[in-house]
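Q: Please see the structure below; I have some questions.
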Amino acid sequence: MNKLNAHALGAASALLAALCMLVIGILAMMGVYMEAYQIMKAFHIWFDATLIGTLIGMVEAGVISYIAGYLFAELYNRLSKS
């Protein structure tokens with residue numbers, strides 16, 4: 093049975109989340125796609141439609157996504173041993 097690389101899945105999740113936050117932050121700074129911005133702002137404490145707020149939101153989303161991806165891979169690997 094194939095095993096998931098927990099670090100690789102965590103890193104890929106973090107990179108994708110940070111990229112999404114960057115795109116949403118840039119669009120929000122331009123005044124476009126404000127619905128997505130409002131949703132992200134509700135879930136990410138430090139995310140804002142400024143350069144600093146976008147960078148901090150990227151870090152926050154990256155950390156949360158890395159942890160979630162890592163835990164998912166670890167759980168999958170442990171449950172798939174049988």
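Residue numbering for the sequence shown follows the numbering used here, beginning at 93 and increasing consecutively.
All residues carry an ideal CB built from backbone N, CA and C; glycine is no exception.
Give every residue of the same chain whose Cβ lies closer than 8 Å to the Cβ of Trp138, excluding the five residues on either side of it in the sequence, and list them in chain order.
A: The answer, listed in chain order, is Gly145, Ile148, Gly149, Glu152.
Q: I'd like the list of long-range same chain contacts for Gly154, defined as Cβ closer than 7 Å, with 5 residues on each side in sequence excluded.
A: So the list reads Ala106, Ala109, Ala110, once near-sequence residues are dropped.
Q: If you draw a straight line from the C-alpha of Lys128 to the C-alpha of Met121, how long is it?
A: A small correction: the amino acid at residue 128 is Ala; Lys does not occupy that position in the sequence shown. Using only the alpha carbons, I get a separation of about 12 Å.
Q: Helix, strand or coil: which one does DSSP assign to Leu163?
A: Three-state result, Leu163: helix.
Q: Pick from Val115, Asn94, Ala98: whose alpha carbon is nearest that of Leu143?
A: Taking only the C-alpha atoms, the option nearest Leu143 is Val115.
Q: Judging by CA-CA distance, which residue of Gly102, Gln130, Asn94, Ala141 is the nearest neighbour of Gly161?
A: Among Gly102, Gln130, Asn94, Ala141, the Cα nearest to that of Gly161 belongs to Gly102.
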